[in-house]
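Take 1 as the starting number for the sequence shown in UniProt numbering and just add one per residue.
All residues carry an ideal CB built from backbone N, CA and C; glycine is no exception.
Here the structure is a predicted model, which means the values were calculated and not measured.
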Amino acid sequence: MRPRPPITGRGLFGGTGIILVGLTATLLALAFPIWSYADRSGTGPEVLKAQTVPTRYGPLTALDRDFVVKVRLAGLWELPAGQQAEQKGTTEAVRTAGRHLVEGHTFLDARVRDTAAKLDLDLPNQPNEQQRGWLSDLEAARGTDYDRRFANILRLAHGRVFSVVAQVRAATGNSLVRALADDANATVLDHITVLEATGYVDFDALARDLAGTAPPLTRAPAPPGPTADPGPVVPVVPSATDGYDLPPAASSPLPALSPAP
Numbered sequence: 001m002r003p004r005p006p007i008t009g010r011g012l013f014g015g016t017g018i019i020l021v022g023l024t025a026t027l028l029a030l031a032f033p034i035w036s037y038a039d040r041s042g043t044g045p046e047v048l049k050a051q052t053v054p055t056r057y058g059p060l061t062a063l064d065r066d067f068v069v070k071v072r073l074a075g076l077w078e079l080p081a082g083q084q085a086e087q088k089g090t091t092e093a094v095r096t097a098g099r100h101l102v103e104g105h106t107f108l109d110a111r112v113r114d115t116a117a118k119l120d121l122d123l124p125n126q127p128n129e130q131q132r133g134w135l136s137d138l139e140a141a142r143g144t145d146y147d148r149r150f151a152n153i154l155r156l157a158h159g160r161v162f163s164v165v166a167q168v169r170a171a172t173g174n175s176l177v178r179a180l181a182d183d184a185n186a187t188v189l190d191h192i193t194v195l196e197a198t199g200y201v202d203f204d205a206l207a208r209d210l211a212g213t214a215p216p217l218t219r220a221p222a223p224p225g226p227t228a229d230p231g232p233v234v235p236v237v238p239s240a241t242d243g244y245d246l247p248p249a250a251s252s253p254l255p256a257l258s259p260a261p
C-alpha cells in the first residue's frame with residue numbers, strides 16, 4: 001500500500017481557505033433575506049416611526065400615511081370591479097359580492113377623503129399599474145371564468161390589505177387613522193366573507209400567494225403633512241357604522257359535498 005504524501009502547509013491553508021469561503025458565503029446567504037425583509041413594509045419599529053409628524057389628532061407615521069393612500073387606491077379599482085361584477089357575474093353570489101364592493105368602497109372612499117383632508121394629505125386619483133392590470137384581466141374574462149377570476153383576484157387583494165389594517169389599528173397613535181382603520185376592518189372582512197361565499201375561491205392558491213408577502217410602502221404624492229406644532233391632541237369619536245347596512249352574504253353556488261359513509 002502506497003504511503004500518503006505528507007500534508008504541507010500550503011495544502012492545509014488551501015483547504016482552510018475553501019472552508020472559510022464556504023462559511024462566509026453561507027452567512028451572507030442567511031443574512032441577505034434578513035436585510036431585505038427589514039426594508040419591507042411594517043417589519044420593524046423604524047418603519048413605524050419613520051418620518052413621523054405631529055398633528056392635532058396625534059402623531060402621523062409613514063405607515064399611517066401609507067395606509068390612508070392604500071384605502072383610497074383600493075376604492076379606485078375595487079369599486080369599478082364591483083360594478084362590473086354586478087353586470088357580468090353569472091351567479092347571484094358573484095353579483096351580490098359585486099354589490100358589497102360598490103357599497104363598501106363608496107362608504108370608505110368618503111371616509112378616507114375626509115381623513116386625508118383633515119391631515120393635509122393628497123390622495124391618488126388613478127389606480128396603480130397592478131390594479132389597472134387586474135381590471136383589464138377581469139374585463140377580458142367571460143362566463144364562469146370571469147366569476148372565478150373575480151373571486152380569486154379580489155380575495156387575494158383583500159387578504160393582503162387585511163393584515164395591513166390590523167397592523168395600523170394596533171400601532172397608530174393618530175385618532176383619525178384609528179377610526180378609518182376600524183371602518184376599513186369591518187368593510188374588508190365583509191368583502192372577504194361574500195367573496196368566499198361565491199364558492200370560487202381557491203384557498204390552496206390563496207395560501208401560496210399570501211405566504212411570506214409584505215406589501216411595500218406606497219409613497220404618497222404629497223409631503224408627509226404639517227410639521228408645525230399642532231397644539232393639543234383632538235380625540236375623534238369612532239364613526240358609527242350602524243347606518244352602514246350590508247346585505248347578507250350569499251350562499252355558495254357549488255353543491256355541498258356529501259358526508260363520508
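Nearest-angstrom Cα separation, counted from residue j out to residue i
i           : j           : result
residue 43  : residue 180 : The predicted model places residue 43 with a pLDDT of 45, which falls under 50 and marks its position as unreliable, so this point remains unresolved.
residue 143 : residue 116 : 39 Å
residue 107 : residue 54  : 27 Å
residue 52  : residue 125 : 24 Å
residue 154 : residue 119 : 29 Å
residue 69  : residue 111 : 12 Å
residue 65  : residue 89  : 35 Å
residue 196 : residue 145 : 16 Å
residue 62  : residue 121 : 12 Å
residue 139 : residue 77  : 12 Å
residue 201 : residue 148 : 7 Å
residue 207 : residue 192 : 14 Å
Nonlocal neighbours in the same chain, by C-beta distance under 7 Å from residue i, ignoring five residues either side
i           : result
residue 165 : 181, 184, 185, 188
residue 258 : Residue placement at residue 258 is flagged as unreliable, the pLDDT there being 42, under the threshold of 50; the coordinate-derived value follows with that caveat. There are no such residues.
For residue i, three-class secondary structure by DSSP
i           : result
residue 123 : coil
residue 201 : coil
residue 243 : Reliability of the predicted coordinates at residue 243 is poor, the pLDDT of 41 falling under 50, and the value obtained from them is presented with this limitation in mind. Looking at residue 243 - three-state DSSP - the assignment turns out to be coil, as it is neither helix nor strand.
Nearest-angstrom Cβ-Cβ length linking residue i and residue j, presumed shorter than 8 Å
i           : j           : result
residue 176 : residue 128 : Between residue 128 and residue 176 the Cβ distance is about 24 Å, and since that is not below 8 Å, they are no contact.
residue 114 : residue 75  : At roughly 13 Å, the Cβ-Cβ gap does not stay under 8 Å, so residue 114 and residue 75 are not in contact.
residue 174 : residue 60  : 5 Å
Nonlocal neighbours in the same chain, by C-beta distance under 6 Å from residue i, ignoring five residues either side
i           : result
residue 103 : none
residue 123 : 72, 116
Cβ neighbours of residue i in the same chain (closer than 8 Å, five flanking residues each side left out)
i           : result
residue 169 : 178, 181, 182, 185
residue 205 : 152
Mind listing, in chain order, the continuous alpha helix (DSSP H) runs of no fewer than 4 residues lying wholly within the stretch 89-117? Within the stretch 89-117, no alpha helix (DSSP H) run of at least 4 residues lies entirely inside it.
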